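Chemist: Please see the structure below; I have some questions.
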Amino acid sequence: MSRLIVFAGLPGVGKTTQARSLADALRAVYLRLDTLEAPFIRMADNNDLKDYGYQAIAHLAGDNLELGRTVIIDAVNPMHHTRAIFRDLAEKHRARLIQFECVLPDEVEHRRRVEKRGTLNWDEVLAITAYYERWDEHLDGRRNIIVTG
């Protein structure tokens, strides 16, 4: 049975580090939403890309699930409807869905990481926090929490 492993969480909490490490250990297909969207950022309003990016990464993941591969997705995955995309994808391909939400409770460390990376500023991360919907296991499915820091 193929597996769809999804890492979610705010920018700077350690999702990419966790997802890449697991992908390497499992020799799994690794798909990062930021990488997929990067070439298109200058071409459209960032908000316009969000759902298209999630749909595109789901299609790429689906192609690999059909081949029986384990797929790891690295994305903020902030809303119930984005989480549903992956839940539905796993169901469609009869893949085992494993979800992780990475959190970093130490705000000072979180901000330091964001500012060190330089891809987003702290205000942009706070803006994402404003629409990041609290995980609801009834709607979003079971998830494992990884506390980083």
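Start counting the sequence shown at 9; every next residue gets the next number (the working numbering). Glycine is no exception: its CB is placed at the ideal position from the N, C-alpha and C atoms. Computed from a predicted model, the values in this text were never measured in an experiment.
Going by DSSP, what residue range makes up the beta strand (DSSP E) through Glu-109?
Modeler: That run of the beta strand (DSSP E) goes 104–111.
Chemist: Once you ignore the five residues that flank Leu-44 on each side, which residues in its own chain have a CB closer than 8 Å to its CB?
Modeler: Cβ neighbours of Leu-44 beyond the five flanking positions: Gly-61, Ala-64, Ile-65, Leu-68.
Chemist: Taking only the alpha-carbon atoms, compute the straight-line gap between Ala-83 and Lys-23 and give it to the nearest angstrom.
Modeler: Looking at the two C-alpha atoms, the distance is approximately 8 Å.
Chemist: For the alpha helix (DSSP H) that Asp-42 lies in, which residues bound it at each end?
Modeler: Note, Asp-42: alpha helix (DSSP H), 41–45.
Chemist: Check this for me: beta carbons of Arg-91 and Met-9, under 8 Å apart or not?
Modeler: No, the Cβ-Cβ distance between Arg-91 and Met-9 is not below 8 Å.
Chemist: Where do the N-terminal and C-terminal ends of the alpha helix (DSSP H) with Ile-136 fall, by residue?
Modeler: It spans 130–139 - the alpha helix (DSSP H) in which Ile-136 sits, taken as one unbroken run.
Chemist: Round the Cβ separation of Leu-134 and Val-21 to the nearest angstrom and send it over; I've been treating them as touching at under 8 Å.
Modeler: Incorrect: roughly 14 Å between the Cβ atoms, too far for contact.
Chemist: Cutting at 8 Å between CB atoms, please list the residues of its own chain near Asn-129, excluding the five before and the five after it.
Modeler: For Asn-129, where only same-chain residues beyond five positions count, the Cβ hits under 8 Å are Val-122, Glu-123.
Chemist: My understanding is that Val-159 touches Gln-107, with C-beta atoms under 8 Å, so please give their C-beta distance in whole angstroms.
Modeler: Any property of residue 159 remains undetermined from this structure, which presents the chain solely from 9 to 157.
Chemist: Using three-state DSSP, classify Val-79 as helix, strand or coil.
Modeler: Strand, per DSSP.
Chemist: Is the distance from the Cβ of His-88 to the Cβ of Glu-145 below 8 Å?
Modeler: Result no, Cβ atoms of His-88 and Glu-145 do not sit closer than 8 Å.
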